[in-house]
Amino acid sequence: MTTLPQSTRAKLGLVIDLDTCVGCHACVISCKGWNTENYGAPLSDLDAYGAEPEGTFLNRVHSFEVTRDSAAPMVVHFPKSCLHCDNAPCVTVCPTGASYKRSEDGIVLVNESACIGCGLCAWACPYGAREMDSAEKVMKKCTLCVDRIYNENLPEEDREPACVRTCPAGARHFGDLGDPESAVSKLVAERGGMDLMPEQGTKPVNKYLPPRPRDTLATPDLASLCDPAPEAASGFLGWLDRTLERL
Amino acid sequence: MQNQPALDLSPQVSDEVRKTTCYMCACRCGINVHMKGDKVAYIEGNRDHPVNRGVLCAKGSAGIMQHLSPARLRAPLKRVGPRGSGEFVEITWDEALAIATDWLQPLRESAPEKLAFFTGRDQSQSFTGWWAQAFGTPNWAAHGGFCSVNMAAAGIYTMGGSFWEFGQPDWDRTKLFLIFGVAEDHDSNPIKMGLGKLKARGARVIGINPIRSGYNAIADDWVGITPGTDGLFILSLVHELLKAGKIDLDYLIRYTNAPYLVDAATGLFLRDDAGKPLVRDRRTGEAVAWDAPGIAADLAHGVERDGATHLPVFRHLADRYLAPEYAPEAVAGTCGVTPAQIRSIAAEIARVAFEEEITLDQPWTDFRGVKHDKMIGRPVAMHAMRGISAHSNGFQTCRALHLLQILIGAVETPGGFRFKPPYPKPPEAHPRPHASHAPGQPLDGPHLGYPLGPEHLLIHDEGTPKRIDKAFSWEAPLSAHGLMHMVISNAHARDPYKIDTLFLYMANMAWNSSMNTSAVMDMLTGQNEDGSYRIPRIIYSDAYSSEMVAFADLVLPDTTYLERHDCISLLDRPICEAEALADSIRWPVVSPDRDVRPFQSVLLDLGARLGLPGMVTEDGAPKFSDYADYITHHERRPGIGPLAGWRGANGNCAGRGAPNPDQIARYVENGGFWIDHIPEEAQFYKPWNAAYQNWAVERGLYDSPQPYVFNLYLEPMRKFQRAAEGHGDRQPPDHLRARLRETMDPLPRWYPPFSEPQAEGFPLHALTQRPMAHYHSWGSQNAWLRQIHGHTPLYVSGAIWQQHGFEEGDWAILTSPHGRITLPVVRMDALNPHTVWTWNAVAKRRGAWALDPKAPEATQSALLNHLIHELLPEKGDGLRWANSDPVTGQAAWYDLRVKIEKAPAGQSVSYPDHSAQLSPVPAPPRDLAHQTKP
Amino acid sequence: MHPAPSLILFTVLSGAGFGLLVWLGLGLRAPTGLAAFVLFGLGYGLAGAGLLASVFHLGHPERALLAFTQWRTSWLSREAVLASATLLVMAPNAAASSFAATPLPIFGWLGASLALATILATAMIYTQIRAVPRWHHWSTPPVFLLAALAGGALLANRTGIATALLVALGLAMFAHWVMGDRQFARAGSSTGSATGLGALGRTRLLEPPHSGQNYLLREMVHVVGRKHAFKLRLFALGLGAVLPALILLLPASYFTIATALLMHLTGLLAQRWLFFAEAEHVLGLYYGKR
Ligand SMILES: Nc1nc2c(c(=O)[nH]1)N[C@H]1C(S)=C(S)[C@@H](COP(=O)(O)OP(=O)(O)OC[C@H]3O[C@@H](n4cnc5c(=O)[nH]c(N)nc54)[C@H](O)[C@@H]3O)O[C@H]1N2
Ligand SMILES: Nc1nc2c(c(=O)[nH]1)N[C@H]1C(S)=C(S)[C@@H](COP(=O)(O)OP(=O)(O)OC[C@H]3O[C@@H](n4cnc5c(=O)[nH]c(N)nc54)[C@H](O)[C@@H]3O)O[C@H]1N2
Ligand code: SF4
Ligand code: SF4
Ligand code: SF4
Ligand code: SF4
Ligand code: SF4
Ligand SMILES: [Mo]
């Protein structure tokens, strides 16, 4: 149903740490692997070994460069999948009800058997988080691994999204962002977690932790760390002698 | 209005999980292979595995697509067209093995050295080396010579171990981490996990790298150093620390050769009659054996003897690095950094090491018998890789880095750098290299090792090299891993001698692992006047339709990593952690659907057909039925075999014990690996910790305790230097004397990369980086990974971009003294201003890897290898010097100098454009939408 | 956005069809007999052809009926419902006019309102997309409405009204372009806001996530050269509005009407091409394409 729920019981989502993401694409591929085997149709690849390969991915990692006036330029690796927006425009535009936001946990999903492949939801998403599968001709998007997070066939500790489980750097966190006491909410509060394109009014559930300040190491006074300063009086050899005496 | 569809929230994930070891790269993470019926459905990380703790990189998760790759070879191949064309016929294994036996048998019986057997990044070097030794050829090595032997050798010679397989930062305790020249490294997941831990704690990471991407992108501070100058930068840090007295003198006295007295006349250590190095006892002023009980070794003063003052190592060291030439102001320009940057980093190292000292309440006893009630840590850790080692000054730069770590007492102490067993292991505990051969006889000992002086070089009396790659000759005295990158050109030039059969395994030598790829392709196809090939025979084992396959006469197709037994052995390249001993296996979680065989089993079969010692029973029958049988039953020394876990008839021995027929089954039960934790009191100070030494002997890592001290001053280097000065009976050729004198310095030093003098007109540095989502040339056959990196744009600095007026969509021509390539350009500001770079090994020859000949890997990509030569341009002395490190022979990939110009408009195909090779495998499917059905 | 020919054709043709139905329904020209048959036929044909084109544009046309269900929130669903309702409600009037020569004004007026609503719904499908700031503006519906009504009037041979509507359409197009050009900036989305990194410095895409193409880039990231766009705008304005209006000032004949209609439709195709091609989707910010 394309009417958005008034509120959802939980707001499950991801917190992505831009200070930690090394841009390894592990989350991209584990997502591809899991979602090719699970939830709906496989994620296809056209011209897979050809001149113009083009496949469906639910999570992609971009890299941005930030140039600064008075400090060295930075590179930020930037993973992006569906943000499971509270005010999800992709849902309300859907003519068939295929797109919906779950009232229990806020996950935005596509019911593939009702999707007519009109593509309108992808137009409505400001983030580029939906991709039409060219083989199956239905809309694909991040499912927040809804078929993992409650899956009783998986050991308890594995009931988290594939991308989170695999992230080698630990840059991806999963939890209830509606609960201020959850680990993810605390992380967001601590690290100044932010919304992408807040001006779009989508109220994303997923949050991004900004990179910590970079290139701040300032020249301290090495001499003040020294006791006694070797340069003083008798030079290095004198210092060496004195220090060895005390060992 | 809510009317949500009912979802199956608990779908069946798979029918069965089989736990084995990843081989999408050499990191060797544990994987859970989810099976649907007998098909692989999904691969995830094994949470219990010591290497990756459940995480998995992009390559690992894409393993399923590698396993299903259309480029997989299908049967043994015999060449029918000209070399390089890719024209083959499929033959049976019987035929293939008969051909190989026919070629090799006569060689073994007459001149075993005519077989050159070199292997790539396989993980069975202890096995292939053993085979080659049994065959009797001196010409065996693996890929370390073009990879990172500088790192390995400098580490082992200096402190008995190095990074990656030999050691790791104490990720849980480090507060300051410096990472030099690393894009990805072998320790792929562990480094990312470690960085994640540091980030979670808010510890500081400093990245020293001309390029700020990947790990360097998340570094808190970035030093965009000029390539090839790290040694100078590091020694300037040493200068600052010495000047400020921010060094751990106590540590230096106890655990290093800093107090050893250096003979003023020879530069060798003063020794007593028993050969023990002498130190000055501060209390008596006498020179005494370094390990004499109860002494207070001096660092400041020398002893007078024979009218000369013999100073301790530390004085030589301090005198050298305190000199103004190492001051930040003096080096900053060369290094492309500011003096302030050097100072603040030195100060931060000093601050963290000494003001944020950590102590563990863990008593331990050192090898001298002294009891310590706690462990003191200096929480500064470092890691480095090919950015510092793949230069012609790489060995010395790596030594400089270890010197820095040791000076602040941050090796094998909490928060610093920790060895992984079976390391530490000093050079003395390693074998010496061997090359004496005779027809029909095994080699006189292991091929590779650690020479301790000119007496250990593998040269004939007249000075000529014994090995085809000239390893352990005056050209590369400490080439501990051999020089695989020189084999083809030496074999082609018949220098130092002619060989008959080149046998390669898992190395794409016709393409991305060769310098000067186009020329190597010519050498592989080079003919004599009579039309026969200059390299008469080439046998190659690969699993996929690589570029190298096209140049082989006989191709032995391997399985994929999910279809065979492998053993990641302590005898070889272990997977241990600093806290634990560990090894692991691969086992066939699926059986091949093609006529392919595991190479190791094929090698055993071949060995049996050739009657090689150790591979046949007394009555000449094959001793091992296959590699799994070998893994289980082979013993290197009594009780020591390829796998350390579950040894002994009942499987209850760790490390040492009789072969256990159930051993592999026990590994499989345990998730494919075995782990044995080091006792708490043995966790740190391993080279000097009595508890560790005893534990290591129990486990069979050593046969007796091997405590040692770190070599700040490397006496074996001095021996080579002395030879160059004219001492001793083994003398280098004259043209190498000056270079050996300069580069075999027993104390770390920096000299400009050898490409420097020829760099006029080539103002820029050109580098490659490994993409995290590709492994060398393998990634491009993977339908998922190739979408991430399908081409190789040239990243140019903002300065170069502006200077040449580049715009989006432009292509550049990149020229070195050896060749030209063209590539599309991309601007990158977070880059050393004089540097350009692209991704390594993504470019492909048309027709290879079952890709469309118009694939972007072939049309919009080029290898920088076309610009790199294994020899440097002539510099006026009439000689072509090797483009390698003069100590170890490591290929100096990153010394490359280039110039750039804008390509004419309309340029849109990268060149050189080699002819296409024919594909020995059928055309791939066009589209994929693959969901595994059991 | 990708200027898909099917979408361009659909919006232009069905727009004109529903525009014609508006005029026919309102009875401003109430033909009977053959004339009614032909004109209603044209209206139904154009509207129907457009709808069909859009159905075949779907990945799963066999599920098209589901598109009638979400009229509460979805303008696309509303469009489907309204379009069908128009065609149904108008049918008695059309049949009666054609075969009984007795228009049924009640059905006509109701049908005309529904046709108008359909055109509005089509416009709203685009207008509601906030992620395309150029569309997300009050000037979008007038362009669609005026274009449909002008085209309808031409088809219905109401030259007076057509002239006025064409002039209004010209103004609306102009306004839509001029204001549209500023919309992206006014929406406030930038690479900085898209990544949240704006406060740190100047943000620029360094490396796209994949080296090849993908659905998003093909569908949503289309870049038109400024010069090219300017020429096309002149063309669209000239042919779509100004020239036909001028021609209509000439003495009326089937020839002038037909010429004006052809010009108008051609101009409108150009306008619609630009409507899609110039529409900057904010997701382009993630691909360095804005
Ligand atoms: N420009 C430049 N060149 C470089 C480097 C650089 O940094 N810059 N780095 C150098 C370094 S460090 C290295 S290690 C080399 C690596 O270069 P190579 O060792 O040549 O690496 P690969 O391209 O992976 O080639 C290995 C071959 O092994 C095959 N293979 C894969 N899996 C299997 C298997 O299971 N069985 C068998 N039998 N074969 C298999 C692959 O198909 C491939 O043909 O490249 C070197 N070249
Ligand atoms: N994903 C993936 N992982 C791999 C591999 C792979 O192909 N793919 N290959 C494996 C192999 S065989 C190897 S040898 C390792 C290599 O692991 P790395 O050494 O991490 O790999 P490289 O890509 O050679 O990265 C070298 C880095 O050094 C930097 N650099 C170059 N010159 C200098 C310099 O003078 N100073 C400094 N400070 N930095 C410099 C480059 O910018 C680059 O970032 O990776 C292994 N792991
Ligand atoms: S797996 Fe983690 S570190 Fe790697 S790209 Fe994804 S978020 Fe970044
Ligand atoms: S990110 Fe896009 S697809 Fe996901 S909920 Fe928000 S608008 Fe919808
Ligand atoms: S593509 Fe499918 S999910 Fe998206 S709006 Fe159309 S019907 Fe709904
Ligand atoms: S939560 Fe699941 S579906 Fe979403 S990006 Fe991660 S792996 Fe993909
Ligand atoms: S780092 Fe990646 S490719 Fe390498 S072994 Fe681990 S999971 Fe496999
Ligand atoms: Mo390597």
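Chains as they are written, first to last, in the working numbering: chain A, 10 to 256; chain B, -1 to 932; chain C, 11 to 300. Idealized CB from N, CA, C, for every residue including glycine. Quantities reported herein were computed from a predicted structural model and do not represent experimental measurements.
At a cut-off of 9 Å between C-beta atoms, Q785 (chain B) counts as an interface residue with respect to chain C.
K149 (chain A) is positioned such that its CB atom lies closer than 9 Å to that of R139 (chain A). Between ligand 7 and the CB of R430 (chain B), the shortest heavy atom gap is not smaller than 8 Å. Judged by DSSP in its simplified three-state form, F161 (chain B) adopts coil rather than helix or strand. For I573 (chain B) against R26 (chain B), the beta-carbon gap comes to about 5 Å, under 8 Å, which counts as contact. As computed with DSSP, T363 (chain B) is found in a beta bridge with B:K369. Where I386 (chain B) is concerned, there is no enclosing beta strand (DSSP E), although the alpha helix (DSSP H) around it starts and stops at 384 to 387. Comparing C-alpha distances from A133 (chain C) to each of C:F117, C:N103, C:A95, C:H186 shows the shortest one belongs to C:H186.
One residue after another in chain order, those with a Cβ under 6 Å from a heavy atom of ligand 7 are B:C20, B:M22, B:C23, B:C25, B:R26, B:C27, B:N50, B:L54, B:C55, B:K57, B:G58, B:S186, B:N187.
With a threshold of 8 Å, the Cβ atom of C127 (chain A) does not count as near ligand 1, since no heavy atom of the ligand is closer than that. Per DSSP, the unbroken beta strand (DSSP E) holding N30 (chain B) starts and ends at 28 to 34.
Between C127 (chain A) and chain C, the shortest Cβ-Cβ separation is below 9 Å.
When Cβ-Cβ separations below 9 Å define contact, M141 (chain A) makes no contact with chain B. For P151 (chain C), the enclosing alpha helix (DSSP H) covers residues 150 to 165.
With a cutoff of 9 Å on beta-carbon distance, G392 (chain B) and Q888 (chain B) are scored as near each other. Taken through DSSP and simplified to helix, strand or coil, V252 (chain C) comes out as helix. Of all residues in the segment 208 to 221 of chain C, only L216, E217, P219, H220, S221 place a beta-carbon less than 8 Å from a beta-carbon of chain B. Note on L23 (chain C): 16 or more other CB atoms within 10 angstroms of its CB, so buried under the neighbour-count rule. The beta-carbon separation of G35 (chain C) and G162 (chain C), rounded to 10 Å, does not stay under the 8 Å limit for a contact. In terms of beta-carbon proximity, L62 (chain C) stays away from the interface with chain A, with every pair separated by 9 Å or more. Annotation: the continuous beta strand (DSSP E) that includes T766 (chain B) extends over 762 to 767. P257 (chain B): not part of any alpha helix (DSSP H); DSSP gives it neither H nor E.
Look at the segment 12 to 24 of chain A: the residues with a C-beta under 9 Å from a C-beta of chain C are T12, L13. Listed by position along chain C, the residues whose Cβ is nearer than 7 Å to that of Y136 (chain A) are L293. Taking the Cβ atoms as the reference, I356 (chain B) lies roughly 6 Å from P412 (chain B), within the contact range of under 8 Å.
Separation of F286 (chain C) and A14 (chain C) (C-alpha to C-alpha, rounded to the nearest whole angstrom) is 8 Å. Counting only residues of its own chain and dropping the five nearest sequence neighbours on each side, P51 (chain A) has a CB closer than 7 Å to the CB of T45.
The beta carbon of I257 (chain C) sits closer than 8 Å to those of T266, T269, A270, M273, all from its chain and outside the five residues before and after it, given in chain order. Rounded to whole angstroms, the gap between the alpha carbons of H400 (chain B) and E284 (chain B) is 30 Å. A straight-line Cα-Cα distance of about 14 Å links L153 (chain A) and G42 (chain A). Ordered along the chain, residues surrounding ligand 6 are A:C40, A:L67, A:N68, A:S90, A:C151, A:T152, A:L153, A:C154, A:P170, A:A171, A:C172 [Cβ under 5 Å from any heavy atom]. In the three-state reduction of the DSSP assignment, Q138 (chain C) falls in the coil class. Sixteen is the threshold: when 16 or more other Cβ atoms of the shown chains lie within 10 Å of the Cβ of K112 (chain B), as they do, the residue is buried.
Three or more Cβ pairs closer than 8 Å define a contact, and the segment 496 to 509 of chain B meets that threshold against the segment 525 to 544 of chain B. With 16 or more other CB atoms across the displayed protein chains lying within 10 angstroms of its CB, P377 (chain B) is buried.
Taking T172 (chain B) as reference, the option from B:R878, B:V350, B:V695, B:Q691 with the minimal CA-CA separation is B:V350.
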